[in-house]
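In short: position in the sequence shown from 1, add 139, done, that's the working numbering.
By construction, the Cβ of each residue, glycine as well, lies at the ideal position given by its N, Cα and C atoms.
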Amino acid sequence: MYPKKVANDTAKVLQSYLTYQAVRTIIEQLSETNPSLALWLSEYSSGNRVQDGEAYLQGLMQENKELMLRVLTVRAHLAETILELLPSMVMAQIEQSNTDHRRQLLERLTRTAEPASTSVDDLSPPESENPDVPD
140 MYPKKVANDT AKVLQSYLTY QAVRTIIEQL SETNPSLALW LSEYSSGNRV
190 QDGEAYLQGL MQENKELMLR VLTVRAHLAE TILELLPSMV MAQIEQSNTD
240 HRRQLLERLT RTAEPASTSV DDLSPPESEN PDVPD
């Protein structure tokens, strides 16, 4: 395992996700203050892949520099707001998820591993097949 590579890849995904969230926040704000610009940004975002935040910002810079700067500002604010909470939240959620999955697996394993019901009555042959017992 390569922890630095995993951390770097995770940071890139998080950065793109924060770009996406910043764009959603700005569209919501603009829908109240400048609906036509909100519509433009929404349409631009649907045609340009926000999943790659850096490429999205490069394209937005060519189209509307002010909006691109606003996305950068909102993204930085979101990052400042959540990054302190994120490590403990991620660890807690992973631990809870792992516990839930292990419990489900254990339940499934014990359900399939349970033998058929065996009681004392089940072990003796039926009355008609037992020659020692008179009818």
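How long is the line joining the alpha carbons of E205 and N147, rounded to whole angstroms?
Within the sequence shown, numbered from 1, the residue matching residue 205 stands at position 66. Within the sequence shown, numbered from 1, the residue matching residue 147 stands at position 8. C-alpha separation (whole angstroms): 29 Å.
How many Å lie between E202 and G186 at the Cα?
Looking up residue 202 in the sequence shown gives position 63. Looking up residue 186 in the sequence shown gives position 47. Answer to the nearest angstrom: the Cα atoms are 13 Å apart.
Using CA atoms only, rank isn't needed, just tell me which of L157, Y141 and V145 is closest to L222.
Start at 1 with the first residue of the sequence shown, and residue 222 comes out as number 83. Of L157, Y141 and V145, the residue nearest in Cα terms is L157.
When the Cβ atoms of the segment 172 to 187 are set against those of the segment 237 to 250, are three or more pairs found closer than 8 Å?
Too few Cβ pairs lie closer than 8 Å, so no.
Taking DSSP as the reference, what is the three-state secondary structure of Y156?
In the sequence shown, the residue the question calls residue 156 occupies position 17. If DSSP states are grouped into helix, strand and coil, Y156 belongs with the helices.
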